[in-house]
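Numbering (our numbering), first residue to last: 189 to 358.
Cβ coordinates follow ideal geometry from the N, Cα and C atoms, glycine included.
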Amino acid sequence: MASVATTLARGVIYIHSAPRALCPHLEWAVGRALGRAVNFDWADQPVLAGSRRAEFYWEGPAGTGAALATAIRGWEHLRFEVSEDPSPRSDGGRWMHTPDLGIHFAQTDTAGNVVIGEDRIRYAMEIAAGDMIELQRELDVALGAAWDEELETFRHASDDAPVVWLHKVG
189 MASVATTLAR
199 GVIYIHSAPR
209 ALCPHLEWAV
219 GRALGRAVNF
229 DWADQPVLAG
239 SRRAEFYWEG
249 PAGTGAALAT
259 AIRGWEHLRF
269 EVSEDPSPRS
279 DGGRWMHTPD
289 LGIHFAQTDT
299 AGNVVIGEDR
309 IRYAMEIAAG
319 DMIELQRELD
329 VALGAAWDEE
339 LETFRHASDD
349 APVVWLHKVG
């Protein structure tokens, strides 16, 4: 009987903001998806009073990133990213979630760049029908630009990265 080697993957879970009461539930959900108990090193999230942030490095079979994103999506007031690095047998991926936008998935390459498939590009061109503004909008959707924009402040708000508050005037 031939043995099929399981492709190991690794990645990171970034909990950008979670209400304090949700933190133990997130650890439980991640632990269940990984098949072992986990403990996050929680810190206050200065961008959103009363919320916490954490980073957790994980290893598991290829596809674990999707299982992790599925395990923690759907909770209100939760912002997160899950990444899975590509391996010789599987593509990488990035899942981003915000309360307002829901979840977004993008395939990634070995450098962490988002990869947009040719079918998605053809669809964007078809929908745009020569309208460059519409084409840009469709490509922004494919790249997850709205998710990146919403998460950017939360990504950089740690103890050693000062928060810069921007106020829109007018």
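Exercise for the section: Please report the residue range of the alpha helix (DSSP H) in which H213 lies. Expected result: In the sequence shown, the residue the question calls residue 213 occupies position 25. It spans C211 to L222 - the alpha helix (DSSP H) in which H213 sits, taken as one unbroken run.
Practice task
Please work out which residues of its chain come closer than 6 Å, Cβ to Cβ, to A349, disregarding the five sequence neighbours upstream and downstream, and give them in chain order.
Solution key: Along the sequence shown, one-based indexing puts residue 349 at 161. Legend: pLDDT at A349 = 48, less than 50; position of this residue unreliable, value from coordinates given subsequently. Counting only residues of its own chain and dropping the five nearest sequence neighbours on each side, A349 has no CB closer than 6 Å to any other CB.
Exercise for the section: Find the nearest neighbour of G251 within the set D232, V235, Q233 and S271, judged by alpha-carbon distance. Expected result: For the purposes of this step, residue 251 is identified with residue 63 of the sequence shown, where counting begins at 1. Of D232, V235, Q233 and S271, the smallest CA-CA separation from G251 is found for S271.
Practice task
Keeping to the same chain, check which residues put their C-beta closer than 6 Å to that of A221; ignore five residues upstream and five downstream.
Solution key: Here the question's residue 221 lines up with position 33 in the sequence shown. Exclusion of the five residues before and after A221 leaves A255, L256 and A259 as the residues of its chain whose Cβ lies within less than 6 Å of its Cβ.
Exercise for the section: Only counting runs of 4 or more residues, tell me where the alpha helix (DSSP H) segments fall wholly within the region 220 to 262, in order along the chain. Expected result: Entirely contained in the region 220 to 262, the alpha helix (DSSP H) runs reaching 4 residues are, in chain order, 252 to 260.
Exercise for the section: Over the uninterrupted beta strand (DSSP E) stretch that includes L196, give me the two end residues. Expected result: On the sequence shown, residue 196 is found 8 positions in, with the first residue counted as 1. Segment L196 to P207, the beta strand (DSSP E) holding L196.
Problem - Residue nearest to G290 in terms of C-alpha spacing, selected from E314, L323 and R267 - result: Against the sequence shown, residue 290 aligns to sequence position 102. Nearest of E314, L323 and R267 to G290, Cα basis: R267.
Exercise for the section: Just the C-alpha distance for S205 and L339, rounded to the nearest angstrom, thanks. Expected result: One-based indexing of the sequence shown puts residue 205 at position 17. One-based indexing of the sequence shown puts residue 339 at position 151. Straight-line Cα distance between these residues: approximately 10 Å.
Exercise for the section: Check the C-beta distance from V302 over to G332 and give it rounded, since I have them as a contact under 8 Å. Expected result: Translated into the one-based positions of the sequence shown, residue 302 becomes position 114. Translated into the one-based positions of the sequence shown, residue 332 becomes position 144. Contact between V302 and G332 holds: their C-beta atoms lie close to 7 Å from each other, under 8 Å.
Handout entry: Coarse secondary structure for I315, derived from DSSP in three states
Key = Here the question's residue 315 lines up with position 127 in the sequence shown. The answer is helix: DSSP assigns I315 an H, G or I state.
Exercise for the section: Mind listing, in chain order, the continuous beta strand (DSSP E) runs of no fewer than 3 residues lying wholly within the region 266 to 303? Expected result: For secondary structure counted as the beta strand (DSSP E) over 3 or more consecutive residues, the region 266 to 303 holds these complete runs in sequence order: 267 to 272, 280 to 286 and 290 to 296.
Problem - Buried versus exposed call for W216 [16 or more other C-beta atoms within 10 Å across all chains shown] - result: Sequence index remark: in the sequence shown, residue 216 carries index 28 (1-based). Its Cβ having fewer than 16 others within 10 Å, W216 is exposed.
Exercise for the section: Keeping to the same chain, check which residues put their C-beta closer than 7 Å to that of R343; ignore five residues upstream and five downstream. Expected result: Within the sequence shown, the letter at position 155 stands for residue 343. H204, listed in sequence order.
Handout entry: Start-to-end residues for the alpha helix (DSSP H) that takes in A345
Key = Along the sequence shown, one-based indexing puts residue 345 at 157. It is not in any alpha helix (DSSP H) - A345 carries neither H nor E in the DSSP assignment.
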